[in-house]
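Protein chains in written order, with this note's numbering: chain A, -18 to 184; chain B, -18 to 184.
Just so you know, even glycine gets a beta-carbon here, dropped at the ideal spot from N, CA and C.
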């Protein structure tokens, strides 16, 4: 078993933090996105979408998509529960917050990065105006997240979950395009200090 | 328990099909998106993102996000399994395909619709050029999905799953912006005929 990833990219970090929180060690193999190794036929055979990370299982099959890789390890090693459950309401609540963090925070930051960063110039069709819509949305969503965090410790409730991982990775990725927690968002800052100082954040 | 939804919108249909496949009946209450009832304070108290569907539980709590709502019912009523499992590899594989269908098919179609349709004019900042990037991506992804379906019956393998639901809803939503299965995509057409003729597709 190994995970094909690229340390500098945001999605692989989601899985690394997740595994660190679980205390699971998996060998990593780097796929150099800077030289577009993820667009080479050998890698596309592993994941036709070209994204990292990809989990390679011992039977030769591949699991792509960060959250699906997390699900694999959560199912095998449920404790500590990072994806909620075992009851239905808790599982659904954590999944709701994971998705909100993915679409509203990480997704908007990624939309800004992909459409405005020189890294993607010539690799994809960039629409700078859309990148700015994403930036504005990301900043608005950070304000909203601050208000949500007024009454609880973590994104999905009173314990650390995958939703915190997605939000942390999204916010840190935001630095690449100057999307930052605005001054005065005290709840978000308190949360950010707590999650970014966990040992897993360095994974 | 009830589900706040809007019959004409794509995301509520995902949940309706999912529940129909499970044989579960839940009362629905309509939220008129045409008159922006989903942006009114009463609805934003249920889901600050303003999206439908939202599951209201008997304890007064709310679960938003279609896939999280599906997770709620899958956890309570695992059979027939639409989200994979119980083993880790199967759960992860179905989640991978669900996400691919969500980002590559439904997401690209929605990106085109939101940025080009008169429905959203004045409601959100539309970037028509981005809408056309989404359209082109959606059409490319349908070609790719056709190739994936050459060797198996359904999107995630040999049985119907939530990944088929997301793909079906995405493709049907595509009609709104003239994104259609191109002539000659025989595998995709075979799959589409099979899934759209299931009784659940009418839910």
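> Can you tell which of B:69, B:75, B:4, B:48 has its C-alpha closest to the C-alpha of residue 142 (chain B)?
Replying inline: That would be B:75, whose Cα lies nearest to the Cα of residue 142 (chain B).
> Rounded C-beta distance between residue 58 (chain B) and residue 5 (chain B)? I'm assuming under 8 Å.
Replying inline: Residue 58 (chain B) to residue 5 (chain B), Cβ: 6 Å. Contact.
> Would you call residue 11 (chain B) buried or exposed, if buried means 16 or more other Cβ atoms sit within 10 Å of its Cβ?
Replying inline: exposed
>> Suppose the cutoff is 8 Å on Cβ atoms and the five residues either side in sequence are ignored; what does the same chain contact list for residue 30 (chain B) look like?
In response: 45
> Given a threshold of 16 other Cβ atoms within 10 Å of its Cβ, counted over all protein chains shown, does residue 124 (chain A) qualify as buried or as exposed?
Replying inline: Exposed.
>> On the DSSP bridge list, what partners appear for residue 161 (chain B)?
In response: DSSP lists no partner for residue 161 (chain B).
> What first and last residue would you give for the beta strand (DSSP E) that runs through residue 36 (chain B)?
Replying inline: 35 to 37
> Can the beta-carbon of residue 115 (chain A) be found less than 7 Å from the beta-carbon of residue 92 (chain A)?
Replying inline: yes
>> Is any non-hydrogen atom of the ligand GTP found closer than 6 Å to the C-beta of residue 59 (chain B), if you look at the structure I gave you?
In response: Ligands in the displayed structure: none, and consequently the ligand GTP is not present.
> Hey, how far is the Cα of residue 117 (chain A) from the Cα of residue 149 (chain A)?
Replying inline: Rounded to whole angstroms, the separation of the alpha carbons of residue 149 (chain A) and residue 117 (chain A) is 18 Å.
>> Suppose you measure from the CA of residue 36 (chain A) to the CA of residue 43 (chain A); what does that come to, to the nearest Å?
In response: 6 Å
>> Within 10 Å of its beta-carbon, does residue 3 (chain A) have 16 or more other beta-carbons around it, so buried, or fewer, so exposed?
In response: buried
> Roughly how many angstroms separate the alpha carbons of residue 154 (chain B) and residue 63 (chain B), rounded to a whole number?
Replying inline: Their backbone Cα atoms lie some 21 Å apart in a straight line.
>> Taking the beta carbon of residue 28 (chain B) as the centre, do at least 16 other beta carbons fall within 10 Å, making it buried, or is it exposed?
In response: The residue in question, residue 28 (chain B), is buried, as its Cβ has 16 or more Cβ neighbours within 10 Å.
> What is the rounded straight-line gap between the Cα of residue 180 (chain B) and the Cα of residue -4 (chain B)?
Replying inline: 14 Å
> Among the residues of its own chain, which have a CB less than 8 Å from the CB of residue 14 (chain A), if the five just before and after it don't count?
Replying inline: -13, -11, -10, 33
> Listing by chain order, which chain B residues have their CB less than 8 Å from the CB of residue 53 (chain A)?
Replying inline: 69, 70, 72, 73
>> Against chain B, with Cβ distances strictly below 7 Å, would residue 89 (chain A) count as a contact?
In response: No, because no Cβ of chain B sits closer than 7 Å to the Cβ of residue 89 (chain A).
>> Quick check: is the beta carbon of residue 44 (chain B) nearer than 7 Å to any beta carbon in chain A?
In response: Answer yes: the Cβ-Cβ gap between residue 44 (chain B) and chain A drops below 7 Å somewhere.
> So which residues of chain A does residue 2 (chain B) contact, with C-beta pairs closer than 9 Å?
Replying inline: The premise fails here: residue 2 (chain B) is roughly 17 Å from chain A at the closest Cβ pair, so nothing lies under 9 Å.
>> Report the CB separation of residue 184 (chain A) from residue 1 (chain A) in whole angstroms; it is logged as a contact under 8 Å.
In response: Going by Cβ atoms, the distance from residue 184 (chain A) to residue 1 (chain A) rounds to 4 Å, so yes, they are a contact pair.
> Does the beta carbon of residue 172 (chain A) come closer than 7 Å to any beta carbon on chain B?
Replying inline: no
>> On the criterion of 16 or more Cβ atoms from any shown chain inside 10 Å, does residue 54 (chain B) qualify as buried, or is it exposed?
In response: buried
>> Here's the rule I'm using: 16 or more other beta-carbon atoms within 10 Å means buried, otherwise exposed. How should residue 103 (chain B) be labelled?
In response: So residue 103 (chain B) counts as exposed.
>> I'd like the ranges of any alpha helix (DSSP H) spanning at least 4 consecutive residues and lying wholly in the segment 108 to 170 of chain A.
In response: 109 to 129, 143 to 155
>> Could you compute how far the alpha carbon of residue 128 (chain B) sits from the alpha carbon of residue 68 (chain B)?
In response: 27 Å
>> Does residue 105 (chain B) pass the burial test, meaning 16 or more other C-beta atoms within 10 Å, or should it be called exposed?
In response: exposed
> For residue -13 (chain A), which of helix, strand or coil comes out of DSSP?
Replying inline: coil
>> At a CB distance below 7 Å, what residues from the segment 9 to 31 of chain B approach chain A? Give them in sequence order.
In response: 29, 30
> Which of the three DSSP states, helix, strand or coil, is assigned to residue 26 (chain B)?
Replying inline: coil
> Excluding the five sequence neighbours on either side, which residues of its own chain have a C-beta within less than 6 Å of the C-beta of residue 78 (chain B), listed in chain order?
Replying inline: Excluding positions up to five away in sequence, the list reads 136, 137, 144.
> Which of the three DSSP states, helix, strand or coil, is assigned to residue 86 (chain A)?
Replying inline: helix
>> Quick check on residue 10 (chain B): does DSSP put it in helix, strand or coil?
In response: strand
> In terms of residue numbering, what span does the beta strand (DSSP E) encompassing residue 21 (chain B) cover?
Replying inline: No beta strand (DSSP E) contains residue 21 (chain B), which DSSP labels as neither H nor E.
> Under the DSSP definition of a beta bridge, which residues are partnered with residue 105 (chain B)?
Replying inline: B:102
> Relative to the alpha-carbon of residue 66 (chain A), which residue among A:140, A:177, A:-17, A:168 has its alpha-carbon at the smallest distance?
Replying inline: A:140
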